[in-house]
Each structure stands twice: as structure tokens, then as C-alpha cells.
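Numbered per the UniProt record's numbering, the sequence shown spans residues 1 to 367.
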Amino acid sequence: MKNFKIFAINPGSTSTKIAMFEGDKEVFSKNVSHDASKLKEFKEISDQFDYRKETILKELKEAGVSLEGVDAFSARGGGLVNVEGGVYRIGETLLHHATIGYTVKHPAMLGAQLANAFSKEYGGQAFVVNPPDVDEFQDMARVTGLKGVYRESRIHALNQKEIGIRYAASKGVKYEDLNLIICHIGGGISVTAHQKGRMIDSNDIANGDGPMAPTRCGQLPVKNVIDMCFSGKYTAQEMINKTTKTGGLVDHLGTSDAREVRTMMENGNAYAKLIYDSMIYQIGKTAGSMAAVLHGKVDGIIFTGGISHDQYLVDHLSEMIGFIAPITVMAGEFEMEALAAGALRVLTGQEEAKEYTGVPVWKGFDC
């Protein structure tokens, strides 16, 4: 079998992660930093394209890495309509939506643009893999108590799907054969019910839902939030920041680093222990709700994400929810590996690439 060469691209707010794979083996990786002051000069995210591309090519040249002969350029997507999970070819519609940020504006939009440009210049196919826009929720998971306010899938789709596939492979079965609860515990926390290969319910990490996280507020009593909004103390942007940037551990303890919180606890800080234990409690409670979503038929619970390295968290969560199903720890993030693995599945014929139509899988309910 040919040892396919795959270049993975994952743009972030001030850097772009890149990696070269030969088959499933990573042979080069780099987190390419971008000058924050330079990025501010660009009005729109897509305006950064030329600058980021040139920076990446410069880093590759200095490292002696060539894009010649690459079989596939595989990127994190963004700005797309909601889609089912999978590997998508970068065609005209997908590229257009990624360029304009059809649904949201996020640096991940640049992934498809860069992969497409490199593909045109060096040959090879261009894909996005399980973009942030993946939404496989069942309808009941979308409904709330307010008509017109619906829950949508905003979770760590790329890492969640990869973890599910890897776990299944370790058991000698397919991801589509299992019911799993996967807890991504990092800077954001998503706890997701995977039913036979589909993420049918989870917490919304962007809009205030589920467990609190290092920088995110999680689920809140709505009336209290309304009171804060109309108190005159905060602007709309400040309230939005409290939801996604300055909530959670940051608001309580002034840090988003779980390791610093653990040090506080070890030094006898009782309040730090209360907050960290409460975050763990909320993760466990959310996982329990996902077990109910799966009608108690759970083949395994998996902890992933950076904070899953913390044995204290693993032990306390295991004590709380270990009765549901066997627990496996796959700490860290596997986003670059996931990008390469998705492309490799297509190149080897294990999976068929999907065509992006620009038509959302969910448009709302007729009511």
C-alpha cells in the first residue's frame, strides 16, 4: 500500500498548526506563530490569507520540508452551514462559504482556503475533516422551553470523532457499532452522547450550557443573567465575554490554567477546591444526562482533552460515573492526527469523501 503523504492545517487566532504525515506517522509538526499586531491590520479574517500562507511557506522552507508530492491537504473547516460528520472535499461552494464566513467568523475559515491554495499549487486533493459546523443532534435535543430558541451542536467535533474512532479500533469494532459518552475536558468542555457513530446530544460550549469550564460559564439560572444584563453594570460585549472568555475558573479564581488551580488546592485554598470540585461535579452530572439520552446503553465513557491528564479529576469523575460504563482516559488533543486520519481514510478507500452542498442539515422547525 502506498505511504500517502498528508499535510494537515489547523488555523487558530494567532497561530497556525501544521503537520506532515506519511501514512499515519507524523514526520514534521510546527505551531507557526503570527504577529498579533500584524493580524490586527486585516479588517476581515480572510484578509489574513496571503500573510498566513507566506508565513507557513517560510517556516517550511527553513525546516527543509517540501509540499511537492503531497497526496492530500487536510484542514480544519469553519464558517460553513451545519453538516453531518465526515470528510468533505473542498469544492467551489465550500470554499466560498469558508471565505466569507457564511455562518460564523473564526480563523478556522482559513483552513479550507489554505488547503485549496496548496492543492492548486502543488497537486493533491483538498479536504476539511469534521469541521466545527458538524451537527448531528436528534430533534428532541434541539427543543427548549422558548419557541424560537433552539440548541445547536457547538462542540469539539474534530477531536470527539477521532477519539470515538480510535477507541472503537482499540476494541476491534467500528465507531458506528458503539454507544459512547465522550468528555472533552480542556479549555472548553463538551460532554457528548455518541450513538452508533452520530453525536446526537451534547452541551453547547459557545452559548452557555453544560459544565462550567476554565473560561466559560456553563449553564446558568436565566433570570439572574437577565438581571445582570439590565443592571447597567455591563455592556452586551462584557456579558458575552463572561459566557465564553472570562467565566468559569477565570471568573472565580483568576486563572484558566487547571494546573494552577490544583496548586492552589494543594496549598490549602478551600475556595479553589470548591470551584474545581464543582466543575468536576458538573461534568459528571452532564455525563449522567447523556447516559439517559442513550437509554442507559453505554459501551464506554472516554475522557479526553488536556485537563484529563489530571489524575485527581479522573479519580473523582470515575467515582461519580463509573457505574454507567467502563472508563478510558485518552488525555490530550488529537486534532492534527484527526485531520490526517480523515484524509487517509478517503485516500485508502475506507471512507467516501462527501460533497458540501451548502444546504444545512437542520434549518429549524415548521411551527
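Quick reminder that beta carbons are idealized off the backbone N, C-alpha and C, glycines included. Computed from a predicted structure; not experimentally measured.
Exercise. Report the three-state DSSP secondary structure of Thr-244 (helix, strand or coil).
Key: Under the three-state reduction of DSSP output, Thr-244 falls in the helix class.
Quiz item: Sorted by chain position, which residues of the same chain lie with C-beta nearer than 6 Å to Glu-26's C-beta, five sequence neighbours on each side aside?
Solution: These residues qualify, in order along the chain: Ala-19.
Quiz item: Are the CB atoms of Asn-3 and Ser-15 nearer to each other than 9 Å?
Solution: no
Quiz item: Fully enclosed by the region 45-96, which alpha helix (DSSP H) runs are 4 residues long or longer?
Solution: 49-63
Quiz item: Is DSSP giving Gly-305 helix, strand or coil here?
Solution: strand
Exercise. Starting from Asp-277, trace the alpha helix (DSSP H) both ways and give me its first and last residue.
Key: Where Asp-277 is concerned, the enclosing alpha helix (DSSP H) stretches over 270-293.
Quiz item: What is the rounded straight-line gap between the Cα of Arg-142 and the Cα of Ala-287?
Solution: 18 Å
Quiz item: Taking C-alpha atoms, which residue in Leu-313, Pro-132 and Gly-364 lies nearest to His-156?
Solution: If we check each option's Cα against that of His-156, Pro-132 comes out closest.
Practice problem: Along the alpha helix (DSSP H) that carries Arg-154, what are the first and last residues, could you check? | Solution: No alpha helix (DSSP H) holds Arg-154; DSSP gives it neither H nor E.
Quiz prompt | Secondary structure of Ser-170, DSSP reduced to three states | solution = helix
Quiz item: Quick one: what's Ser-29 bridged to in DSSP?
Solution: Ala-19
Exercise. Quick one: using the 10 Å Cβ neighbour count with 16 as the cut-off for buried, is Ser-66 buried or exposed?
Key: Per the 10 Å Cβ criterion, exposed.
Exercise. Inspect the beta-carbon positions of Val-81 and Pro-326 and report whether they are closer than 9 Å.
Key: no
Quiz item: Over what stretch of residues does the alpha helix (DSSP H) that includes Leu-313 continue unbroken?
Solution: 311-321
Quiz item: CB Ile-181 to CB Gly-300, shorter than 9 Å?
Solution: Yes, Cβ-Cβ distance for Ile-181 and Gly-300 is below 9 Å.
Quiz prompt | For Ile-90 and Phe-334, the rounded distance between their alpha carbons | solution = 22 Å
Quiz item: Just how far apart, CA to CA, sit Phe-7 and Lys-53?
Solution: 14 Å
Quiz item: So, are the CB atoms of Met-290 and Asp-201 less than 9 Å apart?
Solution: yes
Quiz prompt | Within the region 122-150, ranges of the alpha helix (DSSP H) (whole runs, at least 4 residues) | solution = 139-142
Exercise. Within the same chain, show all residues whose beta-carbon is closer than 8 Å to that of Asp-204, passing over the 5 residues directly before and after it, in chain order.
Key: Arg-151, Glu-152, Ser-153, Arg-154, Ile-155 and Gly-210
Quiz item: CA-CA distance, Asp-50 and Ala-72?
Solution: Pairing Asp-50 with Ala-72, the inter-Cα distance amounts to about 20 Å.
Quiz item: Relative to the C-alpha of residue 368, which residue among Ile-302, Lys-363, Tyr-276 and Leu-249 is closest?
Solution: Outside the shown range of the chain, which is 1 to 367, sits residue 368, and nothing can be said about it.
Practice problem: Pull up the distance between the alpha-carbon of Leu-294 and that of Gln-138, whole angstroms please. | Solution: 12 Å
Practice problem: Return the bridge partner residues of Gly-300 from the DSSP annotation. | Solution: Leu-180
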